[in-house]
Every structure is written in structure tokens, then in C-alpha cells.
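In our numbering, the protein residues as written are 700 to 1011.
Right, dumping it as C-alpha cells:
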């Protein structure tokens, strides 16, 4: 058995801000994917994934008891498949901010949810919000608190625009320019980031009035401007706003940026060769980069591995 593929995602804009109603823009990233699978001779990793699925199934059983109106699963089938050794076969790196648990949640919902909302039907705002709510509850098993956005992106495999927490819609993003000099890229920090501790730091900071004010007056403002610019294809304005956003993150989100990248981050802002921002919750994993000239960025970041995800 092998189920359909579910892809990784990149939240281009909106990390942390969407908790506080900033805009956000999330795009599927087809370079990584995962699928449910059963093997005759499972590897060590497959057995580990299988044990994790066992715990997840117990969690889902509990979830549908507590919120029967939200979602129901064919638990008998799910548990039988787990007994057969089913696991999530995934190339998506964990703790890298590209949605490894999101793809797993999407795969389980797709295979075992009863009366599921499918990609083929007319996706009204109500349906999108219901899916997001279901996925948020499901993914909380992995993160403690989830917006449900990663699984939604993975499940639908389309760009999603978040206008606010209860207003989301599929987004048309400008098509890529082949051979464009400008690019969005991923920079490998070489270490894994844990989501829950980072979100906890953020929530603690939110108790302080100056931090809340900075978030509203600067972080959310620049994030919203970046989303609007990106969707309009206004590259000149976009880079001006990304520079401001990169600065705000460096000044106020230091714990989320791995220490060895503080200097590199500052260097990008000073030279304008590239601008860095968080990819997901930070703390490790990937860092997201934007540049108007990918060759310049490659030179400046020659000691690191870059993966281009979008060309301007």
C-alpha cells in the first residue's frame, strides 16, 4: 500500500504575526513530500513513525469523543492499518519549518476522515475555515498549538492567503519569471528547530506591552505590506518592505534566530545583497531569504546551502 503524496509548504509571510491577525501567504513546496505506506520489511525510521502514529490515533480517538461535531474518523481502519505497520514515508525534514507534521495530518485526514471535505468541491470560505479548524486540532498533537495552516496548505496544494484568522482564501500568485535574477530561497541553518519552545517564548513576550505594540505597529504592518506587494507583483516595493521586516525581526526576535546567523542577517540588511526572515517558528531549520540578485546572494552566502524556491 502507498497513499497519495502530500507536499511540504513555505509560509512566505506571516510567521508569528498570524497568531495576532496579520496577513499571511503560504505556498506549497513540491521539492519535499510524504505518503502513508506499509512495507514488508520496515526500517528503523518506519518503526519509529509507526509508534508515533499509534499515539496519534489514540489522540484522534479522544478528539472525536470531545468534539464529535468537528470531525469523525474511521478509527477501526486506521488502527488496523497501524497494526499492519503503516508509517509516514516522508522526505520532508523535521523541525525545518517546511511543514513535516502538516503533511502527515493532511494524509491521515484524506485517508480516514468520514464525510471529508475534498479538494474537488466548491471550496467556500466556510469549508476552508472548517478544514483549518479540524487541522488545527489534529496538528496540536505535534505542536501544542497549531493554526491548522500547514496541513491545509499540504491538503489543498494551492497557495493560501490569510487575511485574518477567520478570513482565508485560495490565492493566485504571480507566475515565476524563468531566469529571473530575483529569488526567494531557503538557507539551511544546519540545526533543527523545535516549534513549541519558540512559540512559548513568543507567548511570554506577548505579555509585555512594548512587544505587543512593536508587533502591531511594525511587524504586522510590514508583513501585510509584503503580502500585498507579492500578490500584486510589485517587486520594487516588496524589497523595501522586506528590508524593514528583516530589521524588525533582527531587533525583536533574536531568540528565534540561531546565534551564528545574527551577523549574517545584519550583513544582508547593510549590503542589500539579500534579506533574511524566519521560516516557520525559527530556532533552527531553514531561514527564508529574498534577493534581487541571486548571484550576489550566492557569493555573499557561499558557505551555506541555498535552495531557490521562487524566481522573480
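All residues carry an ideal CB built from backbone N, CA and C; glycine is no exception. Keep in mind that this is a model prediction, so the values were computed, not measured.
If I'm right that residue i touches residue j with Cβ under 8 angstroms, what's the distance once you round it to whole angstroms?
i: residue 980; j: residue 859; result: At roughly 18 angstroms, the Cβ-Cβ gap does not stay under 8 angstroms, so residue 980 and residue 859 are not in contact.
i: residue 982; j: residue 973; result: The pair is not a contact, with the Cβ atoms about 21 angstroms apart (cut-off 8 angstroms).
i: residue 711; j: residue 883; result: 7 angstroms
i: residue 848; j: residue 861; result: 7 angstroms
i: residue 941; j: residue 910; result: Going by Cβ atoms, the distance from residue 941 to residue 910 rounds to 22 angstroms, so no, they are not a contact pair.
i: residue 705; j: residue 802; result: 4 angstroms
i: residue 786; j: residue 745; result: 4 angstroms
i: residue 919; j: residue 784; result: Not confirmed; about 46 angstroms, so no contact.
i: residue 793; j: residue 891; result: 7 angstroms
i: residue 768; j: residue 824; result: Residue 768 to residue 824, Cβ: 19 angstroms. No contact.
i: residue 888; j: residue 957; result: 5 angstroms
i: residue 816; j: residue 826; result: 5 angstroms
Per DSSP, which residues does residue i bridge with? Please list them.
i: residue 796; result: Per DSSP, none; premise fails for residue 796.
i: residue 881; result: Answer is none; residue 881 lacks a bridge partner.
i: residue 772; result: 812
i: residue 887; result: 985
i: residue 868; result: 860
i: residue 788; result: 734
i: residue 1010; result: 882
i: residue 952; result: In DSSP, residue 952 forms no bridge with anything.
i: residue 705; result: 733
i: residue 976; result: 987
i: residue 841; result: Its beta-bridge partners do not exist; DSSP assigns none.
i: residue 725; result: 710 and 859
i: residue 1005; result: 886
Thinking C-alpha only, which one of the options is nearest residue i?
i: residue 728; options: 854, 815, 755 and 816; result: 854
i: residue 770; options: 991, 960, 757 and 836; result: 836
i: residue 994; options: 978, 1007 and 985; result: 1007
i: residue 954; options: 899, 889, 757 and 730; result: 899
i: residue 839; options: 886, 895 and 823; result: 895
i: residue 731; options: 707, 885 and 824; result: 707
i: residue 822; options: 897, 851 and 928; result: 851
i: residue 876; options: 964, 949, 793 and 991; result: 991
i: residue 703; options: 804, 766, 915 and 722; result: 804
i: residue 738; options: 782, 713, 766 and 720; result: 782
i: residue 943; options: 916, 957 and 1002; result: 916
i: residue 951; options: 901, 931, 984 and 929; result: 901
i: residue 754; options: 743, 742 and 774; result: 774
i: residue 780; options: 789, 856, 748 and 766; result: 748
i: residue 873; options: 931, 1005 and 922; result: 931
i: residue 857; options: 819, 908, 788 and 938; result: 819
How about residue i and residue j: are their beta carbons less than 8 angstroms apart?
i: residue 1011; j: residue 879; result: yes
i: residue 791; j: residue 798; result: yes
i: residue 800; j: residue 841; result: yes
i: residue 886; j: residue 986; result: yes
i: residue 881; j: residue 934; result: yes
i: residue 945; j: residue 975; result: yes
i: residue 970; j: residue 924; result: no
i: residue 949; j: residue 965; result: yes
i: residue 977; j: residue 714; result: yes
i: residue 734; j: residue 701; result: yes
i: residue 722; j: residue 914; result: no
With a cut-off of 8 angstroms, does the C-beta of residue i fall near any C-beta of chain D?
i: residue 1005; result: Among the chains in the structure shown there is no chain D, since it carries only a single protein chain.
*Scan the region 889-959 and note each continuous alpha helix (DSSP H) run of 4 residues or more that stays entirely inside, going in chain order.*
At a cut-off of 4 residues, the continuous stretches assigned as alpha helix (DSSP H) that sit fully inside the region 889-959 are 894-904, 908-913, 920-931 and 934-951.
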